[in-house]
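Residue numbers (the UniProt record's numbering): 1 to 630.
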């Protein structure tokens, strides 16, 4: 791992002899830019000018000039960075010892409305910030949970928040959150106590070897975290596996045992349509593997899906939330650090992990599929090829199989035949595929199914009223639409723009970002949180979720002409389809897959409406208008 590191003594010497304090920030920034692609802002640079030299001098004064300072240490498998990690030898035991230091230049701070976890800092706006002790405590727990060298030595990691510009009277109520010796808070007033604290933590010998061991350690969930995850997940009695689901589960467990026993590597692919139980298998595996002590993580390419997993499955456990990652978290993972990487919603795998926020040093062009396969002895891919809805998504069985074979790896594939969404109606699943021309067949009339209701509504008003009646009857319900309307940012008064317009009916899209707007939930929580019904969902927020009653508005991007449904690329407002290099053939498939995703979110029934009169008439020939909804 590339990290700016110096012993405290060498850093003090660097500043005093050759690099003025005011340009130390440029030295650190240049290094991070060259090695990690990080381009620090002016605020970070100003903090380095003073904070880093102050800490280095405190260490030297404590007689600990040999302690190694790891500056801007990036926590494994995240984008978060700790200000400094001090690495050395424990004064009492001689074992490796690490102290995470969160440096704050605040001169004043107070608790935010008596909330012990939040603080308000004068001069830094009216939004609260996380209490620095809470922040550093989280870093300590995360480091101990994911760095293999610390698995059996959690107490080797401690944390300190150092407010070196603040006097005690100006931050007095922040001390209320100092609950134990593992995370402490020091101010300018208590600098002498801080120097004594450092002397009590570290021996005077150099810390370079301890730093090397931390930086070269395997990255994987700790046994304690795995135990916690197993207890949380396996206690969920709704995770019952049937038929092919159980077969897929057992094949993965067998592959894991074989890989460990033979020091080998193999790939498992599990395919299935919406509601076939892929995510139930994924979570059941995460629980069982954790229980058996295997290092396993869950990952997806969907922010909405991952955030919901963290919110629902890991509810109340910050540590457990770290078990749920994104596909692009494995760009720098070491090969086979994990026993198992469970790639849920694997149809969302991209060509590369790079995006506009990616550090330049990591823009290697390496395929994301290569990163995921390399990360674990047994990478598991759960996917539905008909849910590829964006250009550049590579999660197809043929792509994964071919790549695995090119690496000389065995591939096991299990196809899930069962249908658990859409009321267990295989008939409806097949009807949707024929309607959209995704299986080679022609559309046919819906002849009914005792387990699932499909109906046509005459207007968006009627569609909304139908779904709202189900919501008021204590069912879950959501309305979605093809991406055929602009998607505006919120108004200045924190309200949403009613972008989705059909005649005089208008409703907003779901929220764009990761914070609520008024009563509308954040994008990732639209499908599951209260308030989501009042917005129209798009494919990117609906994908991966299910609700009892499902409404779909067909936009002008898929219309009935000359005896068949055809796509109209120019009618789409999806920026993914305007990218250079996306062909009309690709756009056609992506639009059809989008409606396949939207049509298969319901558990009890789906109602549809098309804004195009000819298409609405075509649907009327296939569906009875407003079929009775049970």
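Where a beta carbon is used, it is the ideal one built from N, C-alpha and C, also for glycine. All values reported here derive from a predicted model rather than from experimental measurement.
Do the stretch 217–228 and the stretch 114–133 meet, that is, are 3 or more Cβ pairs less than 8 Å apart?
Verdict: no, contact absent.
Give me whichever residues DSSP pairs with residue 254 in a beta bridge.
Residue 254 is not bridged to any residue.
Could you tell me the alpha carbon to alpha carbon distance between residue 59 and residue 159, rounded to whole angstroms?
Near 15 Å, if we compare the C-alpha coordinates of residue 159 and residue 59.
Can you tell me whether DSSP reads residue 319 as helix, strand or coil?
DSSP places residue 319 in helix when its eight states are reduced to three.
According to the neighbour-count rule (16 or more other Cβ atoms, all chains shown, within 10 Å of its Cβ), is residue 567 buried or exposed?
Per the 10 Å Cβ criterion, buried.
Can the beta-carbon of residue 605 be found less than 9 Å from the beta-carbon of residue 381?
Result no, Cβ atoms of residue 605 and residue 381 do not sit closer than 9 Å.
Is it buried or exposed, residue 84, if we count other Cβ atoms within 10 angstroms and call 16 or more buried?
So residue 84 ends up on the buried side.
Judging by CA-CA distance, which residue of 262, 253, 276, 384 is the nearest neighbour of residue 295?
Comparing Cα positions, the closest option is 253.
Please classify residue 491 as buried or exposed, where buried requires at least 16 other C-beta atoms within 10 Å of its C-beta.
Classification for residue 491: exposed.
Can you name, in chain order, every residue of its own chain whose Cβ lies under 8 Å from the Cβ of residue 89, other than the five neighbours on each side?
Correct list, in chain order: 95, 96, 97, 202, 203, 205, 207, 210.
I need the DSSP call for residue 135, collapsed to helix, strand or coil.
Residue state, collapsed to three classes: helix.
For residue 181, does the three-state DSSP call read helix, strand or coil?
Coil, per DSSP.
When the distance is taken between beta carbons, is residue 302 closer than 9 Å to residue 526?
No. Outside cutoff.
Among 546, 28, 352, 375, which residue has its Cα nearest to the Cα of residue 364?
Ranking the options by Cα distance to residue 364, first place goes to 352.
Going by DSSP, name the residue or residues bridged to residue 549.
The partner list for residue 549 (beta bridge, DSSP) reads 477, 605.
Just mark residue 75 as buried or exposed, buried being the case when its beta carbon has 16 or more other beta carbons within 10 Å.
With 16 or more Cβ atoms within 10 Å of its Cβ, residue 75 is classed as buried.
Taking the alpha-carbon of residue 390 as reference, which of 409, 538, 430 has the nearest alpha-carbon?
The shortest Cα separation from residue 390 among 409, 538, 430 belongs to 538.
Please work out which residues of its chain come closer than 8 Å, Cβ to Cβ, to residue 213, disregarding the five sequence neighbours upstream and downstream, and give them in chain order.
Closer than 8 Å at Cβ, skipping near neighbours: 96, 149.
Quick check: the stretch 403–417 against the stretch 436–444, are at least 3 beta-carbon pairs closer than 8 Å?
No contact exists between the stretch 436–444 and the stretch 403–417.
Going residue by residue through the stretch 370–395, where are the continuous alpha helix (DSSP H) segments of at least 4 residues, counting only ones entirely within it?
Those alpha helix (DSSP H) runs which fall completely within the stretch 370–395 and span 4+ residues do not exist here.
Determine the DSSP secondary structure at residue 62, reduced to helix, strand or coil.
Correct three-state label for residue 62: coil.
For residue 121 and residue 109, which I take to be in contact (beta-carbon distance under 8 Å), what is that distance rounded to the nearest angstrom?
Residue 121 to residue 109, Cβ: 5 Å. Contact.
Going by beta carbon distance, what residues of the same chain come within less than 7 Å of residue 618, once the five residues before and after it are set aside?
Once the five neighbours on either side are set aside, the close Cβ partners of residue 618 are 560.
Starting from residue 152, follow the beta strand (DSSP E) in both directions and report where the run begins and ends.
Per DSSP, residue 152 belongs to no beta strand (DSSP E) and is neither H nor E.
Go to residue 542, then tell me how far its beta strand (DSSP E) extends in each direction, as first and last residue.
Here residue 542 belongs to no beta strand (DSSP E); instead the alpha helix (DSSP H) covers 539–542.
Quick one: what's residue 96 bridged to in DSSP?
Answer is 89, bridged to residue 96.
Compute the Euclidean distance between the alpha carbons of residue 447 and residue 432, then round it to the nearest angstrom.
Each residue's alpha carbon lies about 13 Å from the other.
According to DSSP, is residue 410 part of a helix, a strand, or is it coil?
In the structure shown, residue 410 sits in a strand (DSSP, three-state: E or B).
Would residue 175 be called buried (16 or more neighbouring beta carbons within 10 Å of its own) or exposed?
With fewer than 16 Cβ atoms within 10 Å of its Cβ, residue 175 is classed as exposed.
Expressed to the nearest angstrom, what Euclidean distance is found between the alpha-carbon atoms of residue 277 and residue 597?
Approximately 15 Å, taken between the alpha carbons.
Since residue 607 contacts residue 551 with CB under 8 Å, what's their CB separation in whole angstroms?
Contact flag correct, Cβ pair sits at about 5 Å.
CB-CB under 7 Å to residue 73, same chain, minus the five flanking residues each way: which ones, in chain order?
Cβ within range, chain order: 3, 81, 82, 85.
What's the call for residue 574, buried or exposed, on a 16-neighbour Cβ count within 10 Å?
Buried is the call here.
Which residue's Cα is closest to the Cα of residue 464: 549, 126, 474, 400?
Nearest of 549, 126, 474, 400 to residue 464, Cα basis: 549.
Is DSSP giving residue 611 helix, strand or coil here?
Coil, per DSSP.
Tell me whether residue 486 is buried or exposed, calling it buried when 16 or more other Cβ atoms sit within 10 Å of its Cβ.
It is exposed - the Cβ of residue 486 has fewer than 16 other Cβ atoms within 10 Å.
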